[in-house]
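To start, the structure itself, in structure tokens.
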Amino acid sequence: MNALILITAVLFLAALQARLPALGWLGGIRLEFLPALVAYGALTFRRRSWAMGLALAAGLAQDALSAAPFGLSAIGYLTACLLLTGITRAFDREAFWMQMLGGALASVAVSLGALITLGFSRYGVLKMVWLALISLVLTPVMFGLLDAARWRTRRA
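In this text, residue positions in the sequence shown follow the numbering used here: the first is 13, and each later residue adds one.
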């Protein structure tokens, strides 16, 4: 996939994630798109360095547009990327459950970093579970969109 498309995707999804309103009926949770992008990179790219670079860029972009300590999300995304690139050879990337697991793992890794920083609470753990469930649903959709974009750039 072209590096320019990846950079554009990271910046667009980070801005979209920061600008969308919080879902009040879920306790003020925002939709997160970057965990799905990190999971896509970790399960798709042949080189681990490309996936790690994408995870680092996604984490820094998320922290730049949020109130979180700078670099905290990057650590979470890098951890999830390391775990996912380690198991990607053993499992089929095209399986929905693998995509869903990747998105949920990236979301939980970032949420866990925030919980460690802010302190554990019942409400914080509940938010982490909701974010993981949202990522379970959102990640296969993002995989389809990103695969379609990748296919279109190869045909052009």
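All C-beta atoms in this analysis are idealised placements derived from N, C-alpha and C, irrespective of residue type, glycine included.
Same chain, Cβ closer than 7 Å to residue i, five either side skipped, listed in chain order
| i | result |
| --- | --- |
| ALA15 | none |
| PHE103 | MET110 |
| ALA97 | Ala is not the amino acid found at residue 97; the sequence shown has Thr there. Answer for THR97: ALA54, ARG60, ALA63, listed in chain order. |
When the options are compared against residue i, the one with the closest alpha-carbon
| i | options | result |
| --- | --- | --- |
| ALA26 | LEU130, ILE128, ALA70 | ALA70 |
| MET154 | MET112, LEU117, PHE82 | MET112 |
| GLN29 | MET64, THR165, LEU43 | LEU43 |
| ASP18 | ALA54, LEU66, PRO81 | Reading the sequence as shown, one finds Leu at residue 18 and not Asp. When only C-alpha atoms are compared, the closest one is LEU66. |
| LEU95 | GLY114, LEU72, ARG134, TYR135 | GLY114 |
| THR56 | ILE128, LEU117, THR100 | THR100 |
| LEU148 | LEU46, PHE82, PHE24 | LEU46 |
| GLY83 | LEU72, TYR89, CYS93 | LEU72 |
| ILE87 | PRO33, SER133, ARG58, THR129 | THR129 |
| GLY11 | ALA76, LEU157, GLY131, VAL137 | Residue 11 cannot be examined here, being either before or after the span of the chain that is shown, 13 to 168. |
| LEU23 | VAL50, LEU117, CYS93 | VAL50 |
| CYS192 | LEU158, ALA48, THR20, ILE146 | Only positions 13 to 168 of the chain appear in the structure, and residue 192 is not among them; the question remains open. |
Identified DSSP bridge partners for residue i
| i | result |
| --- | --- |
| ILE87 | Bridge partners of ILE87: none, in fact. |
| LEU203 | What the structure shows of the chain is the stretch from 13 to 168, and residue 203 is not part of that stretch, so it cannot be assessed. |
Cβ shell of residue i (< 6 Å), same chain only, five flanking positions each side left out
| i | result |
| --- | --- |
| VAL120 | ALA144 |
| SER123 | MET140, LEU143 |
| GLY53 | ALA63, LEU66 |
| ARG105 | LEU55 |
| LEU117 | ALA92 |
| LEU127 | GLY136 |
Same chain, Cβ closer than 8 Å to residue i, neighbours up to 5 away in sequence not counted
| i | result |
| --- | --- |
| THR91 | ALA121 |
| SER78 | ALA30, SER85 |
| GLY125 | LEU84, SER85, ILE87, GLY88 |
| ASP75 | PRO81, PHE82, GLY83, LEU84, SER85, ALA86 |
| LEU170 | In the structure as shown, the chain starts at 13 and stops at 168, and residue 170 therefore has no counterpart that could be examined. |
Start and end residues, alpha helix (DSSP H) containing residue i
| i | result |
| --- | --- |
| PHE155 | 134-167 |
4-residue-minimum alpha helix (DSSP H) runs that sit fully inside the region 56-118, ordered along the chain:
Listed in chain order, the complete alpha helix (DSSP H) runs (minimum 4 residues) inside the region 56-118 are 60-76, 84-99.
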